[in-house]
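Structure first, then comments.
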Amino acid sequence: MTSKALFTIACAFLLFPALSVAAQDDAFDAEQTYQATCFACHGTGAAHSPEVGDQIEWEIRMEKGMDTLVQNTIAGLNGIMPPRGLCATCSDDQLKAIVEFMLDSSL
Ligand code: HEC
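In terms of our numbering, the sequence shown opens at residue -9 and continues consecutively.
Following this line, the structure appears as structure tokens:
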């Protein structure tokens, strides 16, 4: 097997949790949804995203107020934070719950 094929398979496994979480809406779990959708950027700092666990980064963002953070999550920010953080099936309340989880894990 080529390394390219292995990479493709690894990607398929990485993407699958996002699909399965989106399917079961009633069993919403903020942490699980974070891991499945937001972690790709916010767990790694990809695309200069604020990393969860980086206290100073989130303290500065918290100064905008929770409502603004949630609004920016819903609408996207500066063309690099995608609208709804790529969770197309998340409701506004669910996105807010994920932002709360991210802040709890950072501050
Ligand atoms: C493709 C990468 C990517 C994904 C996926 C992603 N984010 Fe982001 N996010 C970013 C980047 C980059 C920023 C920083 C944007 C800036 O400050 O210009 C950001 C910023 C934020 C902020 C701070 C907003 C502010 O006003 O400072 C919040 C809150 C946030 N993201 C929540 C989420 C949530 C919740 C999810 C999952 C549902 C998510 N993000 C998924 C890249 C991502």
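C-beta: ideal position from N, C-alpha, C; glycine also.
Report whether the distance from the Cβ of residue i to the nearest heavy atom of the ligand HEC is below 6 Å.
{"i": "residue 33", "result": "no"}
{"i": "residue 39", "result": "yes"}
{"i": "residue 52", "result": "no"}
{"i": "residue 69", "result": "no"}
{"i": "residue 63", "result": "yes"}
{"i": "residue 75", "result": "yes"}
{"i": "residue 89", "result": "yes"}
{"i": "residue 59", "result": "yes"}
{"i": "residue 79", "result": "no"}
{"i": "residue 30", "result": "yes"}
Assuming residue i and residue j make a contact with CB atoms under 8 Å, what is their CB distance in whole Å?
{"i": "residue 88", "j": "residue 23", "result": "6 Å"}
{"i": "residue 48", "j": "residue 81", "result": "No, residue 48 and residue 81 are not in contact; Cβ-Cβ is about 23 Å, not under 8 Å."}
So what does DSSP say about residue i, is it helix, strand or coil?
{"i": "residue 10", "result": "Because residue 10 sits at a pLDDT of 49, beneath the cut-off of 50, its placement in the model cannot be relied upon, and the following sentence gives the value as read from the coordinates. Here residue 10 sits in helix by DSSP."}
{"i": "residue 67", "result": "strand"}
{"i": "residue 33", "result": "coil"}
{"i": "residue 19", "result": "coil"}
{"i": "residue 79", "result": "coil"}
{"i": "residue 42", "result": "coil"}
{"i": "residue 97", "result": "coil"}
{"i": "residue 72", "result": "coil"}
Residue range of the alpha helix (DSSP H) that residue i falls in?
{"i": "residue 86", "result": "82 to 94"}
{"i": "residue 51", "result": "45 to 52"}
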